[in-house]
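The sequence shown begins at 780 in the working numbering and counts up one residue at a time. We put the CB at the ideal spot given by N, CA and C, even for glycine. Please read these numbers as outputs of a predicted model, since none were measured by experiment.
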Amino acid sequence: MIHKAEFVVSNTNPGNCPKPDRAEVAFIGRSNVGKSSLINMLTNRKELAKTSQKPGKTQLINHFKIDDRWFLVDLPGYGFAKVNVKVKLGWEQMISTYLTKRENLCGVFVLIDSRLEPQKIDLEFLLWCGTEGVPTAIVFTKADKQSKNKTQQNIQKFLKKMREIFEETPDYFVTSSETGDGKDELLDFIMGLVNEYENEEMI
Numbered sequence: 780m781i782h783k784a785e786f787v788v789s790n791t792n793p794g795n796c797p798k799p800d801r802a803e804v805a806f807i808g809r810s811n812v813g814k815s816s817l818i819n820m821l822t823n824r825k826e827l828a829k830t831s832q833k834p835g836k837t838q839l840i841n842h843f844k845i846d847d848r849w850f851l852v853d854l855p856g857y858g859f860a861k862v863n864v865k866v867k868l869g870w871e872q873m874i875s876t877y878l879t880k881r882e883n884l885c886g887v888f889v890l891i892d893s894r895l896e897p898q899k900i901d902l903e904f905l906l907w908c909g910t911e912g913v914p915t916a917i918v919f920t921k922a923d924k925q926s927k928n929k930t931q932q933n934i935q936k937f938l939k940k941m942r943e944i945f946e947e948t949p950d951y952f953v954t955s956s957e958t959g960d961g962k963d964e965l966l967d968f969i970m971g972l973v974n975e976y977e978n979e980e981m982i
C-alpha cells in the first residue's frame, strides 16, 4: 500500500529528470486509456495525476515520489492526441530517449484498453520496447466497463497477438480504476521491482 505520494517535477527534457538515485517505474499508453485514473487509484490520491476527457492531456514527463523511496512516472500518451506533427515528433523523441537512457528505470507499464480489439499502435509500441530492451509489463484498463467474459476475450486476443511477436507473453494485469480491481497485484509486482533494484544497488 502507498502511504505518501508527492509531485516532484514535470519536464520535456529527459536530461532534466530527477537524479536517478532510486528505483523508478513508468506508465504509458494510448491517449485516453485511463492512465491518470489508474495512477490516482494506485496512490489513493484523487487528484495526483490530472485526468481529462480530452485525449493527449499529459504532454510532459511527470515524476512523483512515492513513500520517499521510489519514483512513479506518468509519461505522455501516444496516438490520437490532436497536436501538430512537429510537436508529436518532439514527444516521440522525448519518450524514446527517456525509455532507453533512464538508468534507474526498472519497469514500464504499457496500458491497454480492455474494451478494444488489439490495436496496431499498441502492438507496434510493445514491439519497439522489446527491440530496445525496455522492461515492460501490460496493464489492461477499464475492466469494469463490460462483462468479465468480454474483457477476457479481448485480453486473450491481445495476448495471442503478443505471442506472434514475442516468444513469451509479458506479465500482465487486469485493472479497474472504478472498482480497484488489480490494484494489490499491480502494487505487489511494482514493489518486487523496487526491492530487486535496491538489492542490486547494494551489491
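What is the DSSP secondary structure of residue i, counted as helix, strand or coil?
i	result
G886	strand
A784	strand
F937	helix
G808	strand
R881	coil
E896	coil
T920	strand
F952	strand
Is the distance from the Cβ of residue i to the Cβ of residue j below 8 Å?
i	j	result
V812	L890	yes
E957	D923	yes
L966	L821	yes
Can you tell me which residues form a DSSP beta bridge with residue i?
i	result
D847	Bridge partners of D847: none, in fact.
T915	V887
S789	N841
E803	F850 and L884
In the DSSP assignment, the alpha helix (DSSP H) including residue i goes from what residue to what residue?
i	result
E979	K962 to M981
Counting beta carbon pairs with one atom in the stretch 926-934 and one in the stretch 892-900, are three or more of them shorter than 8 Å?
yes
How about the stretch 914-921 and the stretch 932-950: do they share at least three Cβ pairs that are nearer than 8 Å?
yes
The stretch 790-808 touching the stretch 941-954, judged by at least three CB pairs closer than 8 Å
no
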